[in-house]
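Student: Residue 148 in our numbering sits at position 144 of the sequence shown, with consecutive numbering throughout. Starting off with a structure, shown below.
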Amino acid sequence: MTRKMNLNFMLVTAVSILLTVILTTMGTYQLFQKEVFSDLSSIARLIDRLNLMPRLKEEAFALPEDELRITWIGPEGLVLYDSYANDTTLGNHGTRPEVTEAMNHGQGLCIRKSMTMEQSIFFYALKSQDGTIIRIAKESGNIWNIYTNALPAAIFIAVFSFLFSMIIARHLTKAFVKPIERMAEDMNHLENMTVYRELSPFISLIRSQHEEALKNARLRQEFTANVSHELKTPLTSIS
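Have a look at this one:
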């Protein structure tokens, strides 16, 4: 029984650790997404407030591909300026989810996979007073990158937690089983045993059943003795 209880404790602990790692990583990634979109929103609103898009277009301002990507989109979806590529080579962006959402609701958000599939591209689109769309994009890590980066620490914590839980489980199992083993060894002195509160009703039930069993045994013994006595007299007379 002790071994089975230990295995059950270990199984519950392993599942709990796994779920904790998964849910914690997912929660962290959700916070990371909010932080990225908040930064992109601040940049887009600053550009809009300072009316920088015409100047960026005029100066053909460009950014390295590992930094932010700034795109200026007209009301019809045509690209007026892009900090990565020549706007004449880009198609209509009016059907892009973040652009459509910005046209209809003032701002739009979207996350798409990059070509390498190891990164995600975060898009934030803001509708200006003149009806144009300012879109800011940033390539960043996805949830699998977070899992990969956090894997060594997660494994260490999981192993440590599992070993610690095993020690606690063995201690608790012994503490739970020990009173039961003592009861099995000495059923005649249950009232003198010290057990934890949760086991008291069980002890009372066992004591009652044990006393009833002893009483029934005495009754059977007395009945057998009486029958033997009653049969002894006629047999003596017959003899």
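C-beta: ideal position from N, C-alpha, C; glycine also. Small disclaimer: the values here were computed from a predicted structure and weren't measured.
(1) Residue range of the alpha helix (DSSP H) that Arg100 falls in?
(2) Since Leu60 is in the alpha helix (DSSP H), which residue starts that stretch and which ends it?
(3) Starting from Ala89, follow the beta strand (DSSP E) in both directions and report where the run begins and ends.
(4) For His97 and Glu62, I'd like the C-alpha separation in whole angstroms.
(5) Can you tell me which of the three DSSP states Leu223 falls into?
(6) Identify whether Thr17 lies in helix, strand or coil by the three-state DSSP scheme.
(7) Got a sec, what are the start and stop residues for the beta strand (DSSP E) Gln123 sits in?
(8) Just to confirm, is the Cβ distance from Ile1 to Leu44 under 8 angstroms?
(9) Determine the burial state of Val163: buried for a count of at least 16 other Cβ atoms within 10 Å of its Cβ, exposed for fewer.
(10) Would Ile172 be called buried (16 or more neighbouring beta carbons within 10 Å of its own) or exposed?
(11) If I follow the unbroken beta strand (DSSP E) through Leu113, where does it start and stop?
(12) For Gln37, which residues from the same chain have a beta carbon less than 8 angstroms from its beta carbon, with the 5 sequence-adjacent residues on both sides left out?
(13) Straight-line CA distance for Gly78 to Tyr85?
(14) Just checking, does the stretch 98-105 make contact with the stretch 21-30 on the three C-beta pairs under 8 angstroms criterion?
(15) Which same chain residues, not among the five before or five after Ser87, have their C-beta less than 8 angstroms away from its C-beta?
Tutor: In terms of the structure at hand:
(1) First-last for Arg100: undefined, no H or E at that position.
(2) Note, Leu60: alpha helix (DSSP H), 57-62.
(3) Premise fails: Ala89 is in no beta strand (DSSP E) and is neither H nor E.
(4) When rounded, the distance between both Cα atoms is 21 angstroms.
(5) helix
(6) helix
(7) 123-131
(8) Not covered by the structure: residue 1. The range shown for the chain is 5 to 243.
(9) exposed
(10) exposed
(11) 111-117
(12) Ile115, Phe126
(13) Each residue's CA atom was taken as its position, placing Gly78 and Tyr85 some 9 angstroms apart.
(14) no
(15) Leu60, Phe65, Ala66, Leu67, Leu72, Arg73, Ile74, Thr75
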